[in-house]
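See structure below.
Numbering (full-length UniProt numbering), first residue to last: 1 to 291.
Right, dumping it as structure tokens:
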């Protein structure tokens with residue numbers, strides 16, 4: 001009896017092993033079929049993509065479709081712009097109310113000016129707005145703009161000079177242009193005066209005169225500087241001539257140049273002494289800025 005049960009169990013185990021082998025073979029066959037299918041797909045990718053691409057290329061848009069797409073795009077941009085403008089208007093309203101301009105027809109420039117002044121009263125320094133340009137770029141553009149005006153003649157220079165002079169606030173670039181026009185007008189006027197006196201006006205543009213004139217303060221006219229230049233540069237021997245009676249001599253006994261001079265101390269020096277000693281003249285000019 002026990003032997004028969006043993007044989008039955010052996011048959012069951014053999015049947016189970018056979019079943020597992022069949023399942024394993026079926027699994028291997030399925031795996032092989034899948035790999036072969038993938039190989040087929042990999043071998044012909046261009047056929048599939050070409051068909052898809054061909055279908056896409058055949059797709060066209062009518063004019064109505066194009067107009068609808070464009071209108072949708074512009075509509076979005078317009079809505080975004082209007083939203084930003086509304087925020088801008090709200091900001092302007094707040095600033096006008098805070099600056100006591102509510103209800104008044106005031107320009108953005110005037111509002112900005114008043115706002116800057118209010119900050120400055122509170123010792124808050126607001127840097128100049130340069131429209132994204134560096135200092136060097138502004139200098140280059142300012143010189144180019146000034147040269148264009150200079151090429152137009154003295155009338156254009158005078159007109160642009162007056163326009164900038166009438167402005168309440170000048171940008172860094174405009175300041176450079178203004179100084180250029182101011183210098184050009186001063187040279188023009190001085191040349192006109194010298195020519196009326198029968199003198200050579202080209203001297204004003206010579207290197208020697210420009211170097212000589214650089215020692216003077218900006219509020220000294222070129223005509224006055226030219227008079228000194230003519231006396232003390234073209235005639236250096238005048239220093240050795242005897243001084244007329246009653247002439248004002250320097251009371252300073254020391255040759256050492258100080259960092260600062262008072263107005264009374266500066267008046268003690270004669271023009272000849274100042275021109276003879278550029279460093280002394282420079283020290284007095286710097287001191288005069290604090291008087």
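Where a beta carbon is used, it is the ideal one built from N, C-alpha and C, also for glycine.
Please read these numbers as outputs of a predicted model, since none were measured by experiment.
Reduced DSSP secondary structure (H/G/I, E/B, other) of residue i
{"i": "residue 132", "result": "coil"}
{"i": "residue 200", "result": "coil"}
{"i": "residue 227", "result": "helix"}
{"i": "residue 80", "result": "helix"}
{"i": "residue 125", "result": "coil"}
{"i": "residue 165", "result": "helix"}
{"i": "residue 216", "result": "coil"}
{"i": "residue 61", "result": "coil"}
{"i": "residue 71", "result": "helix"}
{"i": "residue 109", "result": "helix"}
{"i": "residue 147", "result": "helix"}
{"i": "residue 257", "result": "coil"}
{"i": "residue 295", "result": "No information on residue 295 is available, as it lies outside the stretch 1 to 291 that the chain covers here."}
{"i": "residue 85", "result": "helix"}
{"i": "residue 100", "result": "coil"}
Residue i classed as buried or exposed, judged by whether at least 16 other C-beta atoms fall within 10 angstroms
{"i": "residue 173", "result": "buried"}
{"i": "residue 160", "result": "buried"}
{"i": "residue 280", "result": "buried"}
{"i": "residue 191", "result": "buried"}
{"i": "residue 118", "result": "exposed"}
{"i": "residue 226", "result": "buried"}
{"i": "residue 83", "result": "exposed"}
{"i": "residue 91", "result": "exposed"}
{"i": "residue 222", "result": "buried"}
{"i": "residue 157", "result": "buried"}
{"i": "residue 269", "result": "buried"}
{"i": "residue 142", "result": "buried"}
{"i": "residue 229", "result": "buried"}
{"i": "residue 296", "result": "Coverage of the chain is limited to positions 1 through 291, which leaves residue 296 absent and any answer about it impossible."}
{"i": "residue 284", "result": "buried"}
For residue i, the first and last residue of its enclosing alpha helix (DSSP H)
{"i": "residue 185", "result": "172-196"}
{"i": "residue 211", "result": "207-213"}
{"i": "residue 285", "result": "278-288"}
{"i": "residue 265", "result": "263-267"}
Heavy atom of the ligand MG within 6 Å of residue i beta-carbon
{"i": "residue 127", "result": "No copy of the ligand MG appears in this structure; indeed no ligand is present at all."}
Contact belief for residue i with residue j at Cβ below 8 Å, rounded distance in angstroms
{"i": "residue 217", "j": "residue 278", "result": "So it is not a contact: roughly 14 Å between Cβ atoms."}
{"i": "residue 203", "j": "residue 209", "result": "5 Å"}
{"i": "residue 188", "j": "residue 220", "result": "Between residue 220 and residue 188 the Cβ distance is about 17 Å, and since that is not below 8 Å, they are no contact."}
For this session: Spell out a yes or no on whether the stretch 180-190 and the stretch 144-154 are touching, meaning 3 or more CB-CB pairs, one atom from each, closer than 8 Å.
Result: Touching, yes, given that three or more Cβ pairs across the two stretches are closer than 8 Å.
Exercise. Taking contact to mean at least 3 C-beta pairs separated by less than 8 Å, is the stretch 196-208 in contact with the stretch 253-269?
Worked result: No: fewer than three Cβ pairs fall under 8 Å.
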